[in-house]
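Numbering (our numbering), first residue to last: 83 to 428.
The beta carbon of each residue, even a glycine, is placed where N, CA and C say it ideally should be.
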């Protein structure tokens, strides 16, 4: 063998060895993903969904994926900024309320319409399928892991709400522009704010009541602050808010294939259902806390509930007209959303 050939063989062997070492290093790569969200760690989704989900990632990756949890906006910013924090790579993953950024999720917003859905697990499966089918473009800047809803929406108030008439003039917190618009049509004075601000707003008299599901009431001490809760007859709640667990695109793309597979396995409709199921379980806890506190729990009868539905129907009609101006077929989106909810409720 000539000297030139020997040198070529040595270089080739060295390159092969380096590639082998690089491949082994990649296969052993450990990553830490920072997850940011707005609720205290004792709240339903952090405790019953995010923590178990993070533990599952770590277990199925053989400890190579670590999820570092940052609760209560501890990495800074405000809840409406969370989606952009994931998009921009400030953090790797966020859990957020879609309605906190009005105008961004025009198609996904359909699930917020009055009396749209009920229990969170089937509604969450329906919502995730809806997003994948109709609204994937609204999440193109991030990697969507799961989209879900909470359970039936209701009122928690200082004074009892026993009829549509008794809501008039009351200052009520709403969590999105659609819900605030609904409150206005129903006769209330809507006050928009993220859910972490509700406790202080009630304490200071900024609001007379709030629209939130049962599941978040224990972490906000709602049953201690108000003594009246108003629910509705039938399988659907007054309102629904939508949520998403999303990941920074680059954080996902730079993972080795086997770790991407772990993320993929723990994403999608089953994960959406898991988060929804946590919401349903949390609703039972919140209701039980209010009962044990001896609070007044009002369930409006079928006739009174129908009054609310009739009055709130204008919100849906207005929404359909509004999104037509954005080149969206609102009536079809509503019909498809309801069809998916019915499909997953079976």
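Opening and closing residue of the alpha helix (DSSP H) in which residue 332 lies: Within the chain shown, residue 332 is the residue found at index 250, counting from 1. 331–335 is the extent of the alpha helix (DSSP H) around residue 332.
Is residue 414 helix, strand or coil when you go by DSSP? The residue labelled residue 414 in the question sits at position 332 within the chain shown. Residue 414: helix per DSSP, three-state reduction.
Excluding the 5 residues preceding and the 5 following residue 226 in the sequence, name in chain order all residues of the same chain whose CB lies nearer than 6 angstroms to its CB. Position 144 of the chain shown, counted from the start, is the residue given in the question as residue 226. Correct list, in chain order: 328.
Kindly give me the distance between the Cβ atoms of residue 393 and residue 268, rounded to whole angstroms, as I take these residues to be in contact under 8 angstroms. Counting from one through the chain shown, the residue named residue 393 turns up at place 311. Counting from one through the chain shown, the residue named residue 268 turns up at place 186. Between residue 268 and residue 393 the Cβ distance is about 6 angstroms, and since that is below 8 angstroms, they are a contact.
Which residues in the same chain have their Cβ closer than 6 angstroms to the Cβ of residue 187, if we skip the five residues on either side of it in sequence? Position 105 of the chain shown, counted from the start, is the residue given in the question as residue 187. Result list for residue 187: 180, 220, in chain order.
Specify whether the segment 139–154 and the segment 115–124 touch according to this definition: at least 3 beta carbon pairs, one from each stretch, less than 8 angstroms apart. yes
Are residue 298 and residue 178 close, meaning C-beta to C-beta below 8 angstroms? Indexing the chain shown from 1 puts residue 298 at position 216. Indexing the chain shown from 1 puts residue 178 at position 96. Going by C-beta atoms, residue 298 is not nearer than 8 angstroms to residue 178.
Please list, in chain order, all residues of the same chain as residue 274 whose beta carbon is under 7 angstroms from its beta carbon, the five residues on each side excluded. Position 192 of the chain shown, counted from the first residue, corresponds to residue 274. Same-chain partners within the cutoff: 256, 262.
Skipping 5 residues on each side, what residues in its chain have a beta carbon closer than 7 angstroms to that of residue 349? Here residue 349 is taken as the residue at index 267 of the chain shown, counted from 1. Correct list, in chain order: 227, 228.
Contact between the segment 350–366 and the segment 279–293: three or more CB pairs below 8 angstroms? Contact between the segment 350–366 and the segment 279–293 is absent, because fewer than three Cβ pairs lie under 8 angstroms.
Can you list, in chain order, the residues of its chain with a C-beta nearer than 6 angstroms to that of residue 123? Leave out the 5 residues immediately preceding and following it. As a first step, residue 123 is located in the chain shown; it is residue number 41 there, counting from the start. Contacts found: 153.
Residues near residue 107 by beta carbon distance below 8 angstroms, same chain, minus five either side: Position 25 of the chain shown, counted from the first residue, corresponds to residue 107. Because residue 107 carries a pLDDT of 47, less than 50, the predicted location of this residue cannot be relied on, and the following value inherits that uncertainty. Contacts found: none.
Could you tell me the boundaries of the beta strand (DSSP E) in which residue 248 lies? What you label residue 248 is simply residue 166 of the chain shown in a count that begins at 1. Neither: residue 248 is in no beta strand (DSSP E) and is coded neither H nor E.
Taking DSSP's pairing of strands, which residues face residue 379 in a bridge? As a position in the chain shown, residue 379 is number 297, starting the count at 1. Looking at the DSSP assignment, residue 379 forms a beta bridge with 311.
Same chain, Cβ closer than 6 angstroms to residue 155, neighbours up to 5 away in sequence not counted: Taking the first residue of the chain shown as position 1, residue 155 is located at position 73. Here the set comprises 120.
Integer-rounded CB distance, given that residue 209 should sit under 8 angstroms from residue 77: Any answer about residue 77 is impossible in this case: the structure gives the chain only from 83 up to 428.
Quick one, are the C-beta atoms of residue 402 and residue 395 less than 8 angstroms apart? Residue numbering aside, residue 402 sits at position 320 when the chain shown is read from its first letter. Residue numbering aside, residue 395 sits at position 313 when the chain shown is read from its first letter. No, these two residues do not count as a Cβ contact at 8 angstroms.
Helix, strand or coil: how does DSSP classify residue 288 here? Locating residue 288 in the chain shown gives position 206, counting from the first residue. Note: residue 288 maps to coil in three-state DSSP.
Alpha carbon of residue 331 to alpha carbon of residue 389, nearest angstrom: Looking up residue 331 in the chain shown gives position 249. Looking up residue 389 in the chain shown gives position 307. Those two C-alpha atoms are separated by around 46 angstroms.
Segment limits, alpha helix (DSSP H) that includes residue 391: Indexing the chain shown from 1 puts residue 391 at position 309. Residues 384–406.
Among 182, 131, 398, 309, which residue has its Cα nearest to the Cα of residue 373? Counting from 1 along the chain shown, the entry for residue 373 is found at position 291. It is 309 whose Cα lies nearest to the Cα of residue 373.
Alpha-carbon spacing of residue 378 relative to residue 172, whole angstroms: To locate residue 378, count along the chain shown from 1; it is residue 296. To locate residue 172, count along the chain shown from 1; it is residue 90. In a straight line, the C-alpha of residue 378 is about 44 angstroms away from that of residue 172.
Strictly by DSSP, which residues pair up with residue 177? Looking up residue 177 in the chain shown gives position 95. Residue 177 pairs with 327.
Please classify residue 161: is it buried, with 16 or more other beta-carbons within 10 angstroms of its beta-carbon, or exposed? Residue 161 sits at position 79 when you count from the first residue of the chain shown. It counts as buried.
Given this structure, state the Cα-to-Cα distance separating residue 248 from residue 337, to the nearest angstrom. Position 166 of the chain shown, counted from the first residue, corresponds to residue 248. Position 255 of the chain shown, counted from the first residue, corresponds to residue 337. Cα-Cα distance, rounded: 55 angstroms.
Given this structure, state the Cα-to-Cα distance separating residue 408 from residue 215, to the nearest angstrom. Residue mapping note: residue 408 aligns to position 326 of the chain shown, counting from 1. Residue mapping note: residue 215 aligns to position 133 of the chain shown, counting from 1. Near 18 angstroms, if we compare the C-alpha coordinates of residue 215 and residue 408.
Return the chain-ordered list of same chain residues with a C-beta closer than 8 angstroms to the C-beta of residue 410, the five sequence neighbours on each side being excluded. What you label residue 410 is simply residue 328 of the chain shown in a count that begins at 1. 188, 189.
Which value, in whole angstroms, describes the spacing of the CA atoms of residue 294 and residue 258? Looking up residue 294 in the chain shown gives position 212. Looking up residue 258 in the chain shown gives position 176. In a straight line, the C-alpha of residue 294 is about 11 angstroms away from that of residue 258.
Suppose contacts are defined by Cβ-Cβ distances below 8 angstroms. Is residue 352 in contact with residue 130 by that definition? Counting from 1 along the chain shown, the entry for residue 352 is found at position 270. Counting from 1 along the chain shown, the entry for residue 130 is found at position 48. No, these two residues do not count as a Cβ contact at 8 angstroms.
Among 232, 376, 345, 292, the one whose alpha carbon lies nearest that of residue 278: What you label residue 278 is simply residue 196 of the chain shown in a count that begins at 1. Considering only alpha carbons, the answer is 292.
Using 10 angstroms around the beta-carbon of residue 232, count the other beta-carbons present and answer buried if the total reaches 16, otherwise exposed. Counted from its first residue, the chain shown places residue 232 at position 150. By the 10 Å Cβ count, residue 232 comes out buried.
Bridge partners for residue 128 per DSSP, in chain order? The residue given as residue 128 occupies position 46 in the chain shown. The partner list for residue 128 (beta bridge, DSSP) is empty, contrary to what the question assumes.
Can you look up residue 32 in the DSSP assignment and give me helix, strand or coil? As shown, the chain starts at 83 and ends at 428. That puts residue 32 outside it, with no answer to give.
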